[in-house]
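Everything on this sheet refers to the single structure shown next.
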Amino acid sequence: MIELKFIRSNPEIVRDAIINKNEKANLDRLLELDEAFRKEQFEFENLRAHQNTVSQEIAKKKRAKEDAAKELAEMSDLAADIKDIQASLAEIGAERDAILLSIPNIPEDSVPIGRDESANEVLRYEGEKPHFDFALKDHLEIAELNGLLDLPRGAKIAGSGFPIYRGFGARLERAIINFMLEMHIQKHGFTELMVPLMVNRKSMIGTGQLPKLEEDMYHAEQDDLFLIPTAEVPVTNIYADEVLSYKELPQKFVSYTPCFRREAGSYGKDTRGLQRLHQFNKVEMVYFSLAEDSSRALEELLSDAEDILKAFGLHYRVVNLATGDLSFASQKTYDLEVWAPATGRYLEVSSVSNFGEFQARRANIRYKDAEGKMRHAHTLNGSGVATPRLMIAILESFQNPDGSLNLPEVLEPWLQLKI
RNA sequence: GGAGAGGUGACCGAGCCGGCUGAAGGUGCACGCCUGCUAAGCGUGUGUAGGCUUAUACCCUACCGAGGGUUCGAAUCCCUCCCUCUCCGCCA
1 MIELKFIRSN PEIVRDAIIN KNEKANLDRL LELDEAFRKE QFEFENLRAH QNTVSQEIAK
61 KKRAKEDAAK ELAEMSDLAA DIKDIQASLA EIGAERDAIL LSIPNIPEDS VPIGRDESAN
121 EVLRYEGEKP HFDFALKDHL EIAELNGLLD LPRGAKIAGS GFPIYRGFGA RLERAIINFM
181 LEMHIQKHGF TELMVPLMVN RKSMIGTGQL PKLEEDMYHA EQDDLFLIPT AEVPVTNIYA
241 DEVLSYKELP QKFVSYTPCF RREAGSYGKD TRGLQRLHQF NKVEMVYFSL AEDSSRALEE
301 LLSDAEDILK AFGLHYRVVN LATGDLSFAS QKTYDLEVWA PATGRYLEVS SVSNFGEFQA
361 RRANIRYKDA EGKMRHAHTL NGSGVATPRL MIAILESFQN PDGSLNLPEV LEPWLQLKI
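Take a look at the structure:
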């Protein structure tokens, strides 16, 4: 979240951020509550200070075995007043904090301003765009010809958007995941984590999925647990409510998990095949950095994610997301969009974001710097990468005229197969 | 699920027959001294958050798992919940 002090002294910056990110947060009400809270807090603290003083007197007199009846009489009323004002304070504070949690992070200056993805800025294209001299089949047709997927039965047992990978399709999926994990571990210096796939409400608030996106989350009501929409949630929260030493930073974690999203409100959009799923696999990178290092770390994460696509020899582009397309918690995000030749579109396979101290404030992730001062860590993450659309790009890019596949050699050891 | 023990500062750990405890002691950390280097030793300092403020200076308030209660006053007493550990049961 944004520090209340900052909001108080820079309301216009916050207001612009809310507008540019298409958020709805009642900033005016927040400022009003903030003022009311501080006013009552002042009253409360004065009363409390008086109460403490007199309490000391009573203690002193009792120890000296003197009579303290006069003081005790006064204190009764005072205690009642304090209780009242305390209740009012709690009420104002609760409303204030609820609004505070709905204030989005503030985009960096280098983020293009615009209300939706049409304002996104394509920074560059990488890799060679493949050319084919035969009629292309899309990933669903390839999958069908090779028996890689069983979407109808996935839908039967769970619902649409819950895919079954079958036979070589399952092995290929698994090989891709392992390949990505090992590259991040061995070449990029990440530490692997295997994490809970369900998290509590506090964790979801910590990374900023809640309160805004509750409708998009699968929720187990009995236990108030949420299926994770991304490994970002459990991994980023591992240091919630902790104080690290500056010497322990930076830290880089990579984690493979399935991800679960209800995708409420996006029915019928890009639904063919694996394009949009309720359950999908993703390798996620999470980066905890010193406050002054996060901009550099963002570039590093981007490069780590790009290495995956480069290793497969896929054509892709790097996009600097506009304010309106930026997530609630992000201050800057690069998307990687891979080219799917038969689908004929660039598909998002990775989002690499810098959250600054926004998540660290919510989750209370701090460190002591070299001067012994408390700082909030900066958190970043990036998909490295999500598999379904990567699978689309792979199936479509490496197809032969007969629908068979000519897969990239880098997968050879992971498939335990001669390619 | 049943029985018991416990949750205190970056960490360990006292306090827990209510007031003089923001909290002993130790470790760690920072600075200084000392030793030819390292190690050891000596000294000093070292909580967080909020309010007020030009101020990281004072001052005030809050915080001893979370939330309530009793009381003039609670880390200390009572209740509820969460978590950890040990034993029993169940189970992959």
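When the first sequence is numbered by our numbering, its final residue is 419 and no position is left out of the sequence of numbers.
Where a beta carbon is used, it is the ideal one built from N, C-alpha and C, also for glycine.
Could you pull out every residue in the same chain whose Cβ sits closer than 8 Å to the Cβ of residue 286, ignoring the five residues on either side in sequence? 231, 232, 235, 236, 252, 253, 254, 255, 379, 380, 381
Using only alpha-carbon positions, find the residue among 215, 293, 318 that is nearest to residue 305. Cα-wise, what sits closest to residue 305 is 318.
Rounded to the nearest angstrom, what separates residue 396 and residue 147 at their Cα positions? Taking the straight line from one Cα to the other gives about 15 Å.
Range of the contiguous alpha helix (DSSP H) that encloses residue 198: From DSSP, residue 198 is part of no alpha helix (DSSP H) but of the beta strand (DSSP E) over 198 to 200.
Buried or exposed (CB count within 10 angstroms, at least 16 for buried), residue 332: buried
Compare the C-alpha of residue 294 against each of 273, 354, 316, 247 and name the closest. 354
Tell me which same chain residues have a C-beta within less than 8 Å of the C-beta of residue 63, skipping the five on either side of it? none
According to DSSP, residue 245 sits in a beta bridge with which residue or residues? 368
From 375, 344, 322, residue whose alpha carbon lies closest to that of residue 111: 322
When DSSP labels each residue in this structure, what does residue 14 get in the three-state scheme? helix
Taking Cβ positions, are residue 281 and residue 258 nearer each other than 7 Å? Cβ distance < 7 Å, so residue 281 and residue 258 count as in contact.
CB contact flag (residue 383, residue 350, <7 Å): yes
Whole-angstrom Cβ separation of residue 420 and residue 57, contact assumed at under 8 Å? There is no way to answer for residue 420, as the model of the chain reaches only from 1 to 419.
Please report how far the alpha carbon of residue 165 lies from the alpha carbon of residue 342, in whole angstroms. 20 Å
With DSSP as the reference, identify every bridge partner of residue 361, one or two as the case may be. According to DSSP, residue 361 bridges with nothing at all.
Tell me where the alpha helix (DSSP H) around residue 374 begins and ends. Segment 374 to 376 is the beta strand (DSSP E) holding residue 374; no alpha helix (DSSP H) there.
Stretch pair the segment 359 to 366 + the segment 136 to 144: three plus CB contacts closer than 8 Å: no
Alpha helix (DSSP H) runs contained entirely in the segment 164 to 252, provided each spans 4 or more residues: 168 to 186, 201 to 207, 232 to 236
Residue from 303, 1, 104 whose Cα sits closest to the Cα of residue 325: 104
Return helix, strand or coil for residue 1, following the three-state DSSP convention. coil
Would you mind giving the Cβ-Cβ distance between residue 92 and residue 44, rounded to the nearest angstrom? I have them listed as a contact below 8 Å. Contact doesn't hold; Cβ gap of about 11 Å is too wide.
How do the segment 268 to 278 and the segment 159 to 178 stand: do at least 3 beta-carbon pairs fall below 8 Å, yes or no? yes
Taking all protein chains shown into account, do 16 or more other C-beta atoms lie within 10 angstroms of the C-beta of residue 284, making it buried, or fewer, making it exposed? Under this definition residue 284 is a buried residue.
When you compare the CB positions of residue 261 and residue 224, do they come within less than 7 Å of one another, or not? no
I'd like the span of the alpha helix (DSSP H) that includes residue 105, first residue to last. Here residue 105 belongs to no alpha helix (DSSP H), and DSSP marks it neither H nor E.
So, helix, strand or coil for residue 383, using DSSP? strand
Endpoints, the beta strand (DSSP E) within which residue 333 is located: 332 to 340
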